[in-house]
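Residue numbers (our numbering): 3 to 120. Even for Gly, the Cβ is constructed at its ideal location relative to N, Cα and C. What follows is a short report on a single structure.
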Amino acid sequence: QVQPVESGGGLVQAGGSLRLSCAASGRIITIGPMGWYRQAPGKQREFVARQTSGGSTNYADSVKGRFTISRDNAQNTIYLQMNSLKPEDTAVYYCTADLGIPPFTRYWGQGTQVTVSS
């Protein structure tokens, strides 16, 4: 079984920064794209950012220019550097790891809370 585990969430004031980490462990042979989603109270889960094993990145329009995704392939770990945080960034942030070959099997982390106060 594969389990991505997030860390780094917390409470920060608007305009501040946080860095999330996610490490995938378990029976991993090939790991493909890893990414981040978030879910705010009363809203649907939404895509935040994604990075392939080759380094290509995609971002939601709402976070472009403020968030940066990066990864350490040797450690099966991804990071999300979040700058210029806004109250609307408040959500539970979930890590995803896509394993195997296409079509991948997606594994989800348990989530980490990010709260941005105004």
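- G17 and Y96 have their alpha carbons spaced roughly 22 Å apart.
- With contact defined as three or more Cβ pairs closer than 8 Å, the stretch 98 to 105 and the stretch 25 to 39 are in contact.
- Here DSSP, grouped into helix, strand and coil, assigns A62 to coil.
- A76 sits in a helix when the DSSP states are folded into three classes.
- Put simply, of Q5, V4, P43, S27 the residue whose alpha carbon is nearest the alpha carbon of Q115 is P43.
- The residues L20, Q115, V116, T117, in chain order, have a CB closer than 8 Å to that of G12 in the same chain once the five nearest residues on each side in sequence are set aside.
- In this model, S55 and T70 are separated by some 15 Å (Cα to Cα).
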